[in-house]
Amino acid sequence: MVRNPGKFKTKRGGGRSFSRHLTLDENGTAVSVDKREPRDAKDDDSDEEEEEEGEEEEEEEEEGDSAREEPELTRAERRELKKKQAASAQEGQQDEEDDLIANPNRVAKKLNISDLSAPRELTRREREQKEKQEAKDRYWKLHVQGKTDQAKVDLSRLAKVRAEREAAAAKRKAEIEEKAKAIEAAKAAQSSKR
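Mapping to the numbering used here: the sequence shown position 143 is 143, numbers consecutive.
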């Protein structure tokens with residue numbers, strides 16, 4: 001009991017569908033024949049050709065008028081004229097852009113490398129981070145000078161530790177001297193007994 005015999009098996013999402021229907025022409029080459037193409041296509045093509053011919057004639061007339069108005073220009077003069085036309089077109093575009101509703105995501109001007117080196121306004125997060133670092137540096141400078149409360153506490157604790165160490169060192173030194181005197185006394189007593 002085979003549901004779909006053949007080379008192509010149906011899978012989820014439907015069977016195979018081909019985008020083009022190819023037929024052989026008189027030369028034996030495969031030519032695409034679109035079945036969806038309307039039968040009135042030949043009439044539409046002739047209308048389009050007539051419209052294109054009309055447009056071409058109008059363009060030729062405009063070119064002829066401009067040639068009559070202006071004598072032949074040198075290459076430099078044509079360049080200057082082109083630059084002036086481009087500048088006036090840009091001014092017109094800027095006026096149109098100002099009239100449109102502003103898009104906050106639109107980049108108004110492209111950044112150049114020179115713009116990147118120029119000083120820019122810091123973001124809130126960058127500004128807060130910079131202020132925090134500056135405050136930390138000021139506090140550390142005062143701390144090294146011993147002017148902060150924490151520095152005063154640290155210095156008093158350090159002085160107390162130094163005093164305790166000096167006292168312990170003096171006590172050890174005194175004990176060593178007493179032991180040395182006791183040893184000398186014991187040696188003297190032994191040598192006197194003999």
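Backbone N, C-alpha and C define an ideal beta-carbon position, used for all residues, glycine too. Keep in mind it's a predicted model, so treat the numbers as computed, not measured.
Next item on the list: Could you pull the start and end residues of the beta strand (DSSP E) that LEU158 belongs to?
Entry: Run containing LEU158: none in the beta strand (DSSP E); it sits in the alpha helix (DSSP H), 149–193.
Note to self: Rounded to the nearest angstrom, what separates LEU142 and GLN150 at their Cα positions?
What the structure shows: Between the C-alpha atoms of LEU142 and GLN150 there is a straight-line separation of about 10 Å.
Check: Using DSSP with H/G/I as helix, E/B as strand and the rest coil, what is LEU122?
Finding: It is coil, neither helix nor strand.
Check: When the Cα atoms are used, what is the spatial distance from ALA188 to GLU175?
Finding: Their Cα atoms are separated by approximately 20 Å.
Next item on the list: Could you spell out where the beta strand (DSSP E) holding LEU22 opens and where it closes?
Entry: Segment 22–24, the beta strand (DSSP E) holding LEU22.
Item checked: Alpha-carbon to alpha-carbon, ILE183 and VAL161 -> Approximately 33 Å, taken between the alpha carbons.
Next item on the list: Note down, in chain order, each residue of its chain lying with its Cβ closer than 7 Å to the Cβ of ASP44, except the 5 sequence neighbours on either side.
Entry: Since pLDDT at ASP44 reaches only 49, below the 50 mark, its modelled position is unreliable, and no value is offered.
Next item on the list: Return the Cβ separation of LYS132 and LEU122 in integer angstroms, given the expectation that the two are a contact with Cβ distance under 8 Å.
Entry: About 13 Å separates the beta carbons of LYS132 and LEU122, which is beyond the 8 Å limit, so they are not a contact pair.
Next item on the list: Output the distance between the C-alpha atoms of ASP137 and ALA159, rounded to the nearest integer angstrom.
Entry: In a straight line, the C-alpha of ASP137 is about 26 Å away from that of ALA159.
Next item on the list: Classify VAL144 as helix, strand or coil using the three-state DSSP reduction.
Entry: The answer is helix: DSSP assigns VAL144 an H, G or I state.
Checklist line | Range of the contiguous beta strand (DSSP E) that encloses VAL31 | finding: Annotation: the continuous beta strand (DSSP E) that includes VAL31 extends over 30–32.
Check: Hey, how far is the Cα of PHE74 from the Cα of ALA89?
Finding: What sits at residue 74 in the sequence shown is Thr, not Phe. For the pair THR74 and ALA89, the Cα-to-Cα distance works out to about 23 Å.
Item checked: Coarse secondary structure for LEU81, derived from DSSP in three states -> DSSP places LEU81 in the helix class (H, G or I) of the three-state scheme.
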